[in-house]
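In what follows, a structure is listed as structure tokens, so that the remarks can point back to it.
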Amino acid sequence: MIRAADLGDEPPIRVMALHALLYCERLFYLEEVEEIRVADGNVYAGRRLHLERVSLDDETPEMRSYDVSSEAWGVVGKVDAVRKRDGVWIAYEHKKGRCRRGESNEPLAWPSDRIQAVAYAVLVEEQLGEPVKQARVRYHADNVTVLLDIDDAARNDLRTAIRRARVLRESTERPPVTENTRLCPKCSLAVVCLPEEERLALDHADELPPRLFPSSRERHTLHVTTAKTRVGRSGESLLVESETGKQKIPIEQIDSILIHGYGQLTTQALHLCAYRGVAVDWLTFGGRFMAGTSASPGRVQQRIRQYRALTNEALCLDLSRRTVHAKVESQLKYLLRASRTDGAVRQSIQEPIDRIRAALSKVDQAAGIDSLRGLEGIAAKDYFAALPRLLSSRIDPQLIPNGRSKHPPEDRFNALLSFGYGMLFALVHRTLLGVGLEPALGFFHQPRSAAPPLVMDVVEIFRVPLVDMPVVGSVNRNQWNPDSDFTIAGRQVWLSDDGRKKAIALFEERLTEMYRHPFTSQSMSYARIVELESRLLEKEWSNAPGLYARMRMR
Amino acid sequence: MAEKSWHLITYDVRDPKRLRKVAKKLEGYGERLQYSVFRCRMDRLALEKLCWELAEIMAANDDLLVMPMCSRCAERVPLHSTGDQSAWAADPPTFRIV
Ligand code: SF4
Chain D
1 MIRAADLGDE
11 PPIRVMALHA
21 LLYCERLFYL
31 EEVEEIRVAD
41 GNVYAGRRLH
51 LERVSLDDET
61 PEMRSYDVSS
71 EAWGVVGKVD
81 AVRKRDGVWI
91 AYEHKKGRCR
101 RGESNEPLAW
111 PSDRIQAVAY
121 AVLVEEQLGE
131 PVKQARVRYH
141 ADNVTVLLDI
151 DDAARNDLRT
161 AIRRARVLRE
171 STERPPVTEN
181 TRLCPKCSLA
191 VVCLPEEERL
201 ALDHADELPP
211 RLFPSSRERH
221 TLHVTTAKTR
231 VGRSGESLLV
241 ESETGKQKIP
251 IEQIDSILIH
261 GYGQLTTQAL
271 HLCAYRGVAV
281 DWLTFGGRFM
291 AGTSASPGRV
301 QQRIRQYRAL
311 TNEALCLDLS
321 RRTVHAKVES
331 QLKYLLRASR
341 TDGAVRQSIQ
351 EPIDRIRAAL
361 SKVDQAAGID
371 SLRGLEGIAA
381 KDYFAALPRL
391 LSSRIDPQLI
401 PNGRSKHPPE
411 DRFNALLSFG
421 YGMLFALVHR
431 TLLGVGLEPA
441 LGFFHQPRSA
451 APPLVMDVVE
461 IFRVPLVDMP
471 VVGSVNRNQW
481 NPDSDFTIAG
491 RQVWLSDDGR
501 KKAIALFEER
511 LTEMYRHPFT
521 SQSMSYARIV
531 ELESRLLEKE
541 WSNAPGLYAR
551 MRMR
Chain A
1 MAEKSWHLIT
11 YDVRDPKRLR
21 KVAKKLEGYG
31 ERLQYSVFRC
41 RMDRLALEKL
51 CWELAEIMAA
61 NDDLLVMPMC
71 SRCAERVPLH
81 STGDQSAWAA
91 DPPTFRIV
């Protein structure tokens, strides 16, 4: 028995956590120690089952949704039901799924369900001061009830589980992914845990990965582009009032809101967004990221690991090399690919291509961050010098850039690039926060101005595929009107209202395009790839390094 | 992740206060078509979440009817209906600009 005195100030363990523990130790750790919780369909269906349980037809005394706790065991929970039958109390636990089958097909409880039912029985017994000799687990999918004896063996198993839970709570190491691959497809945390990616890293590539990571985006992004638009709240929906009228948008259909310029968002709407996990980002008219909210809690363990890792110079250098490698390689590959069929174009950019290739070959040996920065700069200069050559000779000359100008953009082409990078920045920012990382601590960029370094770091690997390529493509398809899509203010060039809407559509459509991630060989939208890479980055310092920034262009 | 599909949802709630809560909840998920008829485009996660949230509001003598519709059924709704029944078929774009 664990005595109260041994527990000190340690918080009690929830019975549900013991259920997770017996399912998969990593699941227990992610939920209980790192406090990462993701509700999936099964979780909600299970909760509803507890609310809607079939009513009882007899007069037996019973208690439902009964809170139990024990200082002696250091455990708390809520038991589904306790009923008195033939003078003795029995604890009931309801499960949505099917039972386990023994060798001769006899119904059995799954180990995780069993420990849960045993824990409830033991806690009820202590609380009522009357013996509880049996627990019953009811499986609704196959209508089977499994009976469990609450004997010494059961109490011992409970004791062992509690001890194990306490050991894991003390540990700072995230346990490895489970060996039983069949558990993962049903696990609500698979999207965070990424078991198949880790197994790939462990060179189990021969086993076909079960592809758990969701492949497309389920909800929509709302862009507010005019200052006259006001987003308020009406119950569980957003009430958008603009010059063209009012519309209600169900909050469940939205994943983020971007306010471009000075559109209004009420505090009531912001509360709804925070409550429902919808990120809100504010950008300037020119597309520069100003601020963002995200309702994700700061995760202590994850951040401690991030701080520890990113104060390690060798690791920072390694991550920086891989980032610069990924970025420069995609610049090179894009120039090569886009000029493949046109000998004259290729010839005109052969010199920059050669210099970029030479820079790329030095990246992996770069001795420090400064020399990496030098190589990145050389490549960028040649890349932006070559980029205009990819533009068709049939386009309006006003759309041809004159080098790269950033703050402010000085031609139309650069205005498009800057606006795209701003939206990319906002996307990466809210994704990193959602994944639980601290944007302020990066590995390559230095903290300066308002731009969080980790966001700048991650943005690098997506500039070419998510902004440069769609911008060049759209210019070549003559999608821009040099007069009505832009506004010129002295030397500065901005997008007009029309132009901004087109640029948003261009970026958003790119995010829905499917791409086969070359490392996991799973097809998914670019929006998901950004999230996947962010999660793989977090794994660089959480026991599964080497997976980040392996995305490559074909 | 499961595909999204249309669901037609109707309800019969015995108490005005609960009725209002149920309607507000459904507005968070889809559009109201008629007085107590909604349509929601959802995947399984959203459906389970909605049903759980409604179960928390509704009482035992209230009724909820959820009719999942395949895409072919949904496309045929406008053929036999009056009023504006547009946009039953297509998945809306993943973004909106206002
Ligand atoms: S996905 Fe698999 S390894 Fe990861 S927590 Fe769930 S069951 Fe465990």
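Which chain is which? The protein sequence lines are D and A, in order. Residue 75 in full-length UniProt numbering sits at position 75 of the first sequence, with consecutive numbering throughout. Residue 89 in full-length UniProt numbering sits at position 89 of the second sequence, with consecutive numbering throughout. Note that CB positions come from ideal geometry on N, CA and C, so glycine has one too. Everything numeric in this text was worked out from a predicted model, so none of it was measured.
Do residue j and residue i count as a contact pair if the criterion is CB distance below 8 Å?
i, j, result
"D/H223", "D/I488", "no"
"D/V137", "D/L128", "no"
"D/V493", "D/P409", "yes"
"D/L158", "D/I115", "yes"
"D/T225", "D/R500", "yes"
"D/S523", "D/R516", "yes"
"D/M553", "D/Y262", "no"
"A/R44", "A/H7", "no"
"D/R174", "D/S534", "no"
"D/I162", "D/I13", "yes"
"D/S70", "D/L123", "yes"
"A/E27", "D/G232", "no"
"A/V22", "A/L50", "no"
"D/A119", "D/V82", "no"
Name the chain A residues whose beta carbon is nearer than 7 Å to that of residue i?
i, result
"D/E236", "K24, K25, E27, G28"
"D/T512", "T94"
"D/K313", "What sits at residue 313 of chain D in the sequence shown is Glu, not Lys. Result: empty, since nearest Cβ-Cβ is about 40 Å, beyond 7 Å."
Tell me the DSSP secondary structure of residue i in three-state form.
i, result
"D/V428", "helix"
"D/D290", "The sequence shown places Met at residue 290 of chain D, not Asp. Looking at D/M290 - three-state DSSP - the assignment turns out to be strand."
"D/Y262", "coil"
"D/K78", "strand"
"D/T181", "coil"
"D/M553", "coil"
"A/P16", "helix"
"D/C365", "Here residue 365 of chain D is Gln; the residue named in the question, Cys, does not match the sequence. Correct three-state label for D/Q365: coil."
"D/V278", "coil"
"D/N543", "coil"
"D/V137", "strand"
"A/S81", "coil"
"A/S71", "helix"
"A/V37", "strand"
"D/K95", "strand"
"A/W52", "helix"
"D/E241", "strand"
"D/G400", "Reading the sequence as shown, one finds Ile at residue 400 of chain D and not Gly. Residue state, collapsed to three classes: coil."
"D/Y334", "helix"
"D/H271", "helix"
"D/F507", "helix"
"A/Y29", "coil"
"D/S69", "strand"
"D/I150", "coil"
"D/Q253", "helix"
"D/S534", "helix"
"A/D63", "strand"
"D/H407", "coil"
"D/Y307", "helix"
"D/F443", "coil"
"A/H7", "strand"
Anything in chain A within Cβ reach of residue i, meaning under 8 Å, just list it in chain order.
i, result
"D/A45", "E48, C51, W52"
"D/E508", "P93, T94, F95"
"D/K501", "I97"
"D/E130", "Within 8 Å Cβ-Cβ: nothing; D/E130 doesn't reach chain A, min ~30 Å."
"D/E71", "Neighbours of D/E71 on chain A: none; closest Cβ ~31 Å, over 8 Å."
"D/E62", "Here the premise fails: no neighbours, minimum Cβ distance about 17 Å."
"D/E126", "The contacting residues do not exist; D/E126 stays about 30 Å from chain A at best."
So with CB distances below 9 Å, who are the chain A contacts of residue i?
i, result
"D/I504", "F95, I97"
"D/E197", "Result: empty, since nearest Cβ-Cβ is about 17 Å, beyond 9 Å."
Name the residues in the region 221–233 of chain D whose C-beta lies less than 9 Å from a C-beta of chain A; which are they?
-> T221, L222, H223, V224, T225, T226, T229, V231
Contact list for the region 37–69 of chain A against chain D, Cβ threshold 7 Å = D43, R44, L45, A46, E48, K49, C51, W52, A55, E56
Against chain A: residues of the region 82–113 of chain D by CB proximity under 9 Å = none
Between the region 240–270 of chain D and chain A, which residues of the former have CB atoms less than 7 Å from a CB of the latter, in chain order?
-> V240, S242, K248, P250, I251, E252
Could you please tell me which residues of the region 515–542 of chain D, in chain order, have their CB closer than 7 Å to any CB of chain A?
-> none
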